[in-house]
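Engineer: Chains as they are written, first to last, in my numbering: chain A, 268 to 594; chain B, 268 to 594.
Cβ coordinates follow ideal geometry from the N, Cα and C atoms, glycine included.
2 protein chains.
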Amino acid sequence: MAVTIRDVAKAAGVSAATVSRVINNSGYAHEDTRKAVLDAIQKLNYKPNEVARSLYTQRSKLIGLILPDITNPFFPALARGVEDWLREEGYRLIIGNSDEQLEQEMDYLDTFIQHNVVGIIASINEAHSDMLKDLKIPVVMLDRTIESLPAVYADQLEGGKLAAEKILELGSKEVTVIRGPVEVRPVYQRFVSSFQLLKQAGIKINVLDSELTFEGASESVKTLFDKYPNTDGILACNDIVAVAVMNEAERKGRSVPEDVQIIGFDDISISELVNPGLSTIRQPAYEMGARAAEILIKKVNQEVLTDIHHKLPVQFIERGSTRKVGD
Amino acid sequence: MAVTIRDVAKAAGVSAATVSRVINNSGYAHEDTRKAVLDAIQKLNYKPNEVARSLYTQRSKLIGLILPDITNPFFPALARGVEDWLREEGYRLIIGNSDEQLEQEMDYLDTFIQHNVVGIIASINEAHSDMLKDLKIPVVMLDRTIESLPAVYADQLEGGKLAAEKILELGSKEVTVIRGPVEVRPVYQRFVSSFQLLKQAGIKINVLDSELTFEGASESVKTLFDKYPNTDGILACNDIVAVAVMNEAERKGRSVPEDVQIIGFDDISISELVNPGLSTIRQPAYEMGARAAEILIKKVNQEVLTDIHHKLPVQFIERGSTRKVGD
DNA sequence: GATAAATGTGTAACCGGTTCCAGATAAAGG
DNA sequence: CCTTTATCTGGAACCGGTTACACATTTATC
């Protein structure tokens with residue numbers, strides 16, 4: 268039905284092999300022949316069938332991307348970074364949301380392999396990493412890390428520390444740290460790092476657990492001010508939770524940042540738009556995605572990588588949910 | 268390298284054809300043979316190569332999804348609806364962000380075709396629709412509509428009207444309607460619908476243009492209260508813009524909802540978490556995505572569809588950015 | 001028990017590309 | 001001018017599945 272390479276060959280009065288050579292700029296092709304072929308391609312509006320090509324060459328222009336949940340605004344930012352970079356390079360993306368479920372991750376991984384993807388970018392937890400370790404195609408970890416694989420991630424330890432330092436610096440005396448799911452490594456790391464620093468400072472620390480989702484967050488946070496009525500500083504495990512906390516604070520009649528200061532993590536787009544603006548630790552999500560794509564392409568092209576782990580810097584973004592120095 | 272159907276055949280002592288028949292439950296296969304094949308598959312951990320399969324059958328388990336920008340939280344919700352439904356059915360997604368650019372849309376479309384996707388779900392504007400009209404594979408429009416194609420979308424006219432009615436009912440006397448890009452059909456429709464109703468009501472109406480993105484929104488909205496100082500009600504073209512407006516109001520010292528009421532559109536996840544909560548017109552995004560997927564699968568399976576256009580209901584979600592009746 | 005119908009299985013062609021190889025022609029070298 | 005080398009091109013095999021078809025073997029029918 269669709270126009271094939273043999274149609275083009277016929278139209279140009281050559282063989283399929285020649286057309287293939289022209290298309291791929293491989294082997295010899297006389298200038299006149301080349302022109303004839305190109306004309307025929309143009310005229311017939313021929314587009315090579317990637318499936319056929321991929322079957323023989325065992326490599327496609329597809330790349331697999333596994334993310335926990337694009338409903339969490341941090342991940343679309345990553346995804347766009349990946350996609351924009353890859354598009355430039357002519358690659359396309361098969362995306363799968365895993366909801367952190369091993370089963371779904373494996374499912375998508377199978378799909379990727381079955382479709383001859385040429386590389387994979389994955390944001391999955393170390394505990395689920397076995398399946399990734401001995402794939403024959405390049406894998407780059409994104410946001411999460413696995414010992415033996417290249418990874419792009421933000422500096423969680425620094426981020427956690429920074430958040431803790433800032434909230435102390437800005438005057439909080441009893442800090443509640445909201446801890447996300449411990450399985451989610453980066454989230455746990457930032458927690459530990461904050462916790463340690465606060466502990467060293469010798470102040471009162473409370474810990475509260477929370478989901479990372481919009482629905483989970485507002486629920487988890489409901490007990491916060493009952494459990495820890497004297498808390499005057501909150502470190503949230505991500506910005507979604509932080510916004511939920513701001514809300515809860517309001518509901519309980521505590522003003523932000525006068526009564527409680529709040530610092531989030533991620534710096535997703537809404538963090539700037541909420542009221543007051545959310546002070547947070549910024550992860551350069553888009554850049555992380557782009558960087559992961561860049562590295563993956565390099566590996567696909569067999570380039571040797573000197574550095575395997577790419578730790579991108581985080582940054583404290585000061586907005587209205589924390590006090591100004593000297594307040 | 269990977270295990271092929273002929274490896275399985277050898278292991279089971281049969282021919283490749285037989286293995287294929289067993290896998291696909293097509294044609295005859297003796298119970299004993301079937302068992303032997305299944306065992307071999309199990310033992311070798313054989314996974315059929317989708318690429319080879321797709322080359323012959325001309326149909327894959329891939330579906331193409333074109334969205335404007337997953338960075339806008341409305342679209343991930345759609346995407347998850349689509350994905351979750353399709354996963355159940357064994358289909359996988361190639362996703363592309365178009366940024367509403369014709370070139371990128373065409374680019375992804377080509378990719379889809381070249382990869383033998385079996386169907387396409389697209390959220391693109393009617394102006395760019397020519398390329399979709401005579402594809403040989405099923406296409407379902409999502410959020411946007413095109414005359415001749417099946418579509419799933421929310422009732423924009425009702426939504427626009429509803430927003431206008433509510434803001435009047437709740438007492439605003441001079442309403443500013445923020446209009447998004449006119450090329451984005453649903454956004455324009457809701458604007459027109461709101462505008463008409465307000466006009467009929469005979470009140471003062473102002474119109475302000477805005478981008479739909481986070482960055483664009485806060486910028487566009489900066490002049491609002493200077494241009495229209497007496498505005499006491501705002502209909503935003505989407506929730507992102509609405510949140511930006513809430514912020515701007517705060518910055519200008521106008522309290523929401525006492526001085527200005529604000530109604531958004533979409534009901535994205537943060538709308539519930541901002542402060543005050545954003546009253547808005549809810550589009551059932553996730554359901555829309557799922558529905559589109561459902562319809563696409565039906566078309567892929569050659570089922571006849573009675574209804575082509577699926578208009579899903581919208582709903583007014585009352586939160587803190589509007590006053591209560593009787594205030 | 002002979003014939004017809006239903007089962008069971010393998011061979012080979014096919015999907016649409018790519019590439020190896022061999023043969024033909026053109027350019028270069030002595 | 002003849003050999004060597006470089007350039008150009010097509011035939012055929014291949015990638016890993018699916019399926020049309022032929023043939024063999026059971027099972028059903030009378």
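1. In three-state DSSP terms, what is K302 of chain B?
2. Taking the alpha-carbon positions, what's the A516 of chain B to A516 of chain A distance?
3. Quick one: grab the DSSP three-state call for S588 of chain A.
4. Using a beta-carbon distance cut-off of less than 8 angstroms, what residues from the stretch 528-541 of chain B approach chain A?
5. Who are Y420 of chain A's beta bridge partners in DSSP?
6. Residues of the stretch 572-588 of chain B in Cβ contact with chain A at a cutoff of 9 angstroms, in chain order, please.
7. So, is the C-beta of A511 of chain B closer than 8 angstroms to a C-beta in chain A?
8. I want to see whether chain A comes within less than 8 angstroms of N316 of chain B, judged by CB atoms only; does it?
9. Buried or exposed, going by whether 16 or more other CB atoms sit within 10 Å of the CB of T493 of chain B?
10. By DSSP, does G469 of chain B sit in helix, in strand, or in coil?
11. Could you give the distance in angstroms between the alpha-carbon of Q528 of chain A and the alpha-carbon of I535 of chain A?
12. Cα-Cα, which of A:R354, A:S396 and A:Y358 is closest to N370 of chain A?
13. Going by C-alpha distance, which of B:I308, B:I445, B:Y358 and B:L311 is nearest V459 of chain B?
14. For I387 of chain B, which residues does DSSP report across the bridge?
15. Just the Cα atoms here: how many angstroms apart are L579 of chain B and V419 of chain B?
16. Can you tell me the Cβ-Cβ gap for I540 of chain B and S485 of chain A, rounded? I've got them flagged as a contact below 8 angstroms.
17. Can you give the Cα-Cα distance for I330 of chain B and P417 of chain B, rounded to whole angstroms?
18. Can you check the stretch 503-564 of chain B for any beta strand (DSSP E) of at least 3 residues that lies completely inside it and give the ranges in chain order?
19. DSSP three-state call for I413 of chain B: helix, strand or coil?
20. Taking the beta carbon of P496 of chain B as the centre, do at least 16 other beta carbons fall within 10 Å, making it buried, or is it exposed?
21. Rounding to the nearest angstrom, what Cα-Cα distance links L353 of chain B and A560 of chain B in this structure?
22. Is L479 of chain A helix, strand or coil by DSSP?
23. Quick one: Cα of F462 of chain A to Cα of D499 of chain A, how far?
24. For L437 of chain B, name the three-state secondary structure that DSSP assigns.
25. Would you mind telling me which residues of chain A sit closer than 9 angstroms to Q368 of chain B, beta carbon to beta carbon, in chain order?
26. Report the start-end ranges of each alpha helix (DSSP H) in the stretch 316-373 of chain A that is 4 residues or longer and not cut off at the edges.
27. Got a sec, what are the start and stop residues for the alpha helix (DSSP H) L399 of chain B sits in?
28. D493 of chain B lies in the alpha helix (DSSP H); which residues open and close that run?
29. Give me the chain B residues within the contact set of E350 of chain A, using Cβ-Cβ distance strictly less than 9 angstroms, ordered along the chain.
30. Please report how far the alpha carbon of S293 of chain B lies from the alpha carbon of E367 of chain A, in whole angstroms.
31. According to DSSP, simplified to helix, strand and coil, what is T443 of chain B?
32. Would you mind reading off the limits of the alpha helix (DSSP H) that contains A291 of chain B?
33. With a cut-off of 8 angstroms, does the C-beta of S487 of chain A fall near any C-beta of chain B?
34. Is P343 of chain A close to chain B, meaning its C-beta is less than 8 angstroms from at least one C-beta of that chain?
35. Would L402 of chain A and A389 of chain A be called neighbours here (beta carbons separated by less than 8 angstroms)?
36. CB V304 of chain A to CB V270 of chain A, shorter than 8 angstroms?
Structural biologist: Let's see:
1. The sequence position of residue 302 of chain B within the second sequence is 35, counting from 1. The DSSP-derived three-state label of K302 of chain B is helix.
2. In the second sequence, counting from the first residue as 1, residue 516 of chain B sits at position 249. In the first sequence, counting from the first residue as 1, residue 516 of chain A sits at position 249. Per the coordinates, the alpha-carbon of A516 of chain B lies some 21 angstroms from the alpha-carbon of A516 of chain A.
3. The count along the first sequence starts at 1 and reaches residue 588 of chain A at position 321. The answer is coil: DSSP assigns S588 of chain A none of H, G, I, E or B.
4. Residues of the stretch 528-541 of chain B whose Cβ lies closer than 8 angstroms to any Cβ of chain A, in chain order: S536, I537, E539, L540 and V541.
5. Reading the first sequence from its first residue, position 153 is the one you call residue 420 of chain A. Answer by DSSP bridge pairing, in chain order: A:K578.
6. none
7. As a position in the second sequence, residue 511 of chain B is number 244, starting the count at 1. So yes, A511 of chain B belongs to the interface.
8. Your numbering for residue 316 of chain B matches position 49 in the second sequence. By this cut-off, N316 of chain B is an interface position.
9. Taking the first residue of the second sequence as position 1, residue 493 of chain B is located at position 226. A small correction: the amino acid at residue 493 of chain B is Asp; Thr does not occupy that position in the sequence shown. Classification for D493 of chain B: exposed.
10. The sequence position of residue 469 of chain B within the second sequence is 202, counting from 1. It is coil, neither helix nor strand.
11. Position 261 of the first sequence, counting from 1, holds the residue named residue 528 of chain A. Position 268 of the first sequence, counting from 1, holds the residue named residue 535 of chain A. Answer to the nearest angstrom: the Cα atoms are 18 angstroms apart.
12. If you number the first sequence from 1, residue 370 of chain A lands on position 103. A quick correction: the sequence has Glu, not Asn, at residue 370 of chain A. That would be A:S396, whose Cα lies nearest to the Cα of E370 of chain A.
13. By 1-based counting over the second sequence, the position of residue 459 of chain B is 192. The closest CA to that of V459 of chain B, considering only B:I308, B:I445, B:Y358 and B:L311, is found on B:I445.
14. Within the second sequence, residue 387 of chain B is the residue found at index 120, counting from 1. Note: I387 of chain B sits in a beta bridge opposite B:G331 and B:V406.
15. Stepping through the second sequence from its first residue, residue 579 of chain B is reached at position 312. Stepping through the second sequence from its first residue, residue 419 of chain B is reached at position 152. In a straight line, the C-alpha of L579 of chain B is about 7 angstroms away from that of V419 of chain B.
16. As a position in the second sequence, residue 540 of chain B is number 273, starting the count at 1. As a position in the first sequence, residue 485 of chain A is number 218, starting the count at 1. Position check: residue 540 of chain B holds Leu in this sequence, whereas Ile was assumed. L540 of chain B to S485 of chain A, Cβ: 7 angstroms. Contact.
17. Taking the first residue of the second sequence as 1, we reach residue 330 of chain B at position 63. Taking the first residue of the second sequence as 1, we reach residue 417 of chain B at position 150. Cα to Cα, the separation comes out at about 16 angstroms.
18. Qualifying beta strand (DSSP E) stretches, in chain order: 528-533 and 546-549.
19. On the second sequence, position 146 is the one that residue 413 of chain B refers to. I413 of chain B falls in the coil class under three-state DSSP.
20. Residue numbering aside, residue 496 of chain B sits at position 229 when the second sequence is read from its first letter. So P496 of chain B counts as exposed.
21. Taking the second sequence and counting its residues from 1, one reaches residue 353 of chain B at position 86. Taking the second sequence and counting its residues from 1, one reaches residue 560 of chain B at position 293. Distance between the alpha carbons of L353 of chain B and A560 of chain B: 6 angstroms.
22. Numbered from 1 along the first sequence, position 212 holds the residue referred to as residue 479 of chain A. Note: L479 of chain A maps to coil in three-state DSSP.
23. For this step, residue 462 of chain A is matched to residue 195 along the first sequence. For this step, residue 499 of chain A is matched to residue 232 along the first sequence. Between F462 of chain A and D499 of chain A, the alpha-carbon positions lie close to 16 angstroms from each other.
24. The residue labelled residue 437 of chain B in the question sits at position 170 within the second sequence. DSSP places L437 of chain B in coil when its eight states are reduced to three.
25. For the purposes of this step, residue 368 of chain B is identified with residue 101 of the second sequence, where counting begins at 1. Q368 of chain B does not reach chain A, its nearest Cβ partner there being about 11 angstroms away, counting only Cβ pairs nearer than 9 angstroms.
26. 317-324 and 341-355
27. On the second sequence, position 132 is the one that residue 399 of chain B refers to. Counting along the chain, the alpha helix (DSSP H) containing L399 of chain B begins and ends at D397 to K400.
28. What you label residue 493 of chain B is simply residue 226 of the second sequence in a count that begins at 1. Residues L491 to K494.
29. As a working mapping, residue 350 of chain A is identified with position 83 in the first sequence. Within chain B, the residues near E350 of chain A are I337, I362, G363 and N364.
30. Stepping through the second sequence from its first residue, residue 293 of chain B is reached at position 26. Stepping through the first sequence from its first residue, residue 367 of chain A is reached at position 100. Computed Cα separation, rounded: 36 angstroms.
31. Walking along the second sequence from the start, residue 443 of chain B turns up at place 176. DSSP places T443 of chain B in strand when its eight states are reduced to three.
32. For the purposes of this step, residue 291 of chain B is taken as residue 24 along the second sequence, with counting starting at 1. Note on identity: in this sequence residue 291 of chain B is Asn, with Ala being the wrong assignment. Segment A283 to N291, the alpha helix (DSSP H) holding N291 of chain B.
33. Position 220 of the first sequence, counting from 1, holds the residue named residue 487 of chain A. Under the Cβ distance rule, S487 of chain A does not count among the residues neighbouring chain B, no pair being separated by less than 8 angstroms.
34. On the first sequence, position 76 is the one that residue 343 of chain A refers to. Taking Cβ atoms only, chain B reaches closer than 8 angstroms to P343 of chain A, which makes this a yes.
35. Here residue 402 of chain A corresponds to residue number 135 of the first sequence, with the count starting at 1. Here residue 389 of chain A corresponds to residue number 122 of the first sequence, with the count starting at 1. Between L402 of chain A and A389 of chain A, the gap from beta carbon to beta carbon reaches 8 angstroms or more.
36. For this step, residue 304 of chain A is matched to residue 37 along the first sequence. For this step, residue 270 of chain A is matched to residue 3 along the first sequence. It is not a contact, given that the beta carbons lie outside the stated cut-off.
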